[in-house]
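In full-length UniProt numbering, the protein residues as written are 1 to 520.
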Ligand code: SIN
């Protein structure tokens with residue numbers, strides 16, 4: 001049952017029983033031991049959506065124990081059994097597309113079309129990893145000694161801690177959980193306090209699909225997040241951490257994980273360059289910039305953060321971009337004509353304000369927007385700044401808001417230098433119709449993912465992740481192996497007929513040496 005502190009009918013879901021407002025430990029929906037609650041609000045209206053439990057270290061330990069017990073049996077299920085359960089989970093997700101998309105919009109604010117888009121993206125991770133479960137092949141490696149056979153197998157790593165952000169309330173969970181479950185791992189999830197309901201609805205569906213108690217556990221927390229995060233990363237029972245969020249938190253959590261040398265997957269901050277060369281299709285580049293910069297109102301790690309445009313097309317690109325942005329309709333994502341929603345909270349609005357003020361003080365000009373939009377809700381007007389300098393805050397750190405910062409450049413060499421002048425390296429984009437340049441620039445950008453002539457790269461099938469301070473490891477694609485240990489097994493003592501045993505020469509230890517002894 002959903003907690004009585006949630007008015008389920010206000011969510012407007014077809015299936016109100018998808019609304020869960022408790023943590024989930026060992027197959028039970030539970031409140032916080034100390035009874036604390038966290039308020040969750042709709043960022044588009046400022047209205048309360050409901051409350052979830054303020055759990056702490058005691059519940060985190062319980063969840064880890066439950067996951068550890070469940071691992072004993074879950075890790076022994078066949079890949080086909082896990083595939084079938086995950087496909088059932090996937091089907092249930094798709095049957096509830098409308099409700100799950102709406103939940104994302106209610107708690108995150110993104111327009112309903114984007115909420116449903118995230119829902120489809122989220123489900124695609126479960127489908128993809130269901131299919132990966134049955135392909136975690138091992139290897140047979142030709143041995144260096146005739147008496148041996150070398151075999152490599154992959155085994156589930158154990159209990160996994162999953163810590164996710166609010167910008168993709170559903171997809172960042174399934175990207176990790178799908179891989180973990182498919183591999184045979186069990187999980188403790190800490191969803192963000194801002195957007196817990198999508199996570200809890202997913203767990204409800206996973207349970208309906210038949211995923212056994214203890215395999216998935218959820219700890220909801222806000223005020224206790226520092227100590228819960230530490231426990232989830234330091235507890236020796238936990239064998240792997242998967243985190244998506246900011247680079248400073250990623251560094252903190254990896255430090256905790258290092259105390260027991262846990263395997264870590266991290267997708268951290270970005271500061272993506274978006275480059276438009278003078279040989280580009282300008283309309284395509286403008287469309288790419290809109291999709292890349294303003295998806296989620298600029299609250300994605302792969303968002304264009306610095307837009308570099310070659311000088312001969314700069315004015316034309318800027319005016320066409322401004323024309324498109326002027327047509328945006330900012331508002332409540334549930335309204336059908338809304339194209340762009342709010343930011344998650346006031347702190348996010350303040351950060352965009354700070355970046356705008358700083359850029360203006362360094363000589364940038366406003367081409368569009370530039371201000372917060374009065375509440376209710378936490379909105380910032382989609383903004384375009386021109387002549388942004390490379391020492392501006394926005395050039396150095398990720399804004400995470402609807403602010404397109406344009407900078408002019410002259411040469412390919414100059415722009416590559418500018419693009420790579422950052423400690424971050426998640427995604428990078430550029431538009432050019434010169435095939436030689438496409439290869440050169442794609443290879444030169446210091447990022448984990450490149451979009452050439454596209455502003456949208458995200459799919460379950462790609463190796464998603466960054467270099468430099470943007471992350472460790474890759475998710476999606478073959479990311480299931482990040483949840484598995486590789487074990488080498490040497491099969492020795494093979495008897496080879498004496499007639500085939502190699503003759504020793506020069507007293508060297510040669511193939512067959514062990515066999516000579518046993519054959520005699
Ligand atoms: C992110 O912003 O962290 C993820 C974006 C994506 O998967 O497209």
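Every residue, glycine too, gets a C-beta built ideally from N, C-alpha and C.
These numbers were taken from a predicted model, which means no experiment stands behind them.
Under the three-pair Cβ rule at 8 Å, the region 144-162 does not count as touching the region 105-118.
Just so you know, the alpha carbons of residue 471 and residue 174 end up roughly 18 Å apart. Residue 449 has its CB no nearer than 7 Å to any heavy atom of the ligand SIN. Taking residue 36 as reference, the option from 166, 52, 377 with the minimal CA-CA separation is 52. Using a cutoff of 7 Å, the CB of residue 301 counts as near the ligand SIN, since one of the ligand's heavy atoms is closer than that. In the same chain as residue 276, and ignoring 5 residues on each side of it, the C-beta atoms closer than 6 Å to its own belong to 285, 309, 317, 431, in chain order. Ranked by Cα distance from residue 122, the first of 58, 101, 138, 139 is 101. From the listed residues 374, 9, 365, the smallest Cα separation to residue 349 is found for 374.
In the DSSP assignment, residue 355 falls within the alpha helix (DSSP H) that extends over 346-361. Using a Cβ-Cβ distance cut-off of 8 Å, the region 255-264 and the region 294-310 are not in contact, since fewer than three pairs of beta carbons, one from each stretch, lie closer than that value. Between the ligand SIN and the CB of residue 125, the shortest heavy atom gap is not smaller than 7 Å. Residue 43 sits close to residue 342, with the two beta carbons spaced by under 8 Å. For residue 29, the enclosing beta strand (DSSP E) starts and ends at 28-30. For secondary structure counted as the alpha helix (DSSP H) over 4 or more consecutive residues, the region 361-389 holds no complete run. Closest by C-alpha distance to residue 218, out of 224, 196, 226, 416, is 196.
Of the residues assessed, residue 203 falls on the buried side of the cut-off, its CB having 16 or more other CB atoms within 10 angstroms. Straight-line measurement puts the Cα of residue 240 at about 12 Å from the Cα of residue 179. A Cβ-Cβ separation of about 4 Å places residue 224 in contact with residue 56 under the 8 Å criterion. Where residue 267 is concerned, the enclosing beta strand (DSSP E) starts and stops at 263-267. When rounded, the separation of the alpha-carbon atoms in residue 189 and residue 212 is 16 Å. Counting along the chain, the unbroken alpha helix (DSSP H) around residue 396 starts and ends at 393-396. Looking at the backbone, the Cα of residue 134 and that of residue 176 are separated by about 17 Å.
Look at residue 481 here: in three-state DSSP terms it is helix.
Residue 139 and residue 151 have their alpha carbons spaced roughly 6 Å apart. In the displayed model, residue 158 falls within coil according to three-state DSSP, outside both helix and strand.
The region 322-330 makes contact with the region 377-389, as at least three CB pairs between them are under 8 Å. Of 34, 186, 63, 70, the smallest CA-CA separation from residue 484 is found for 186.
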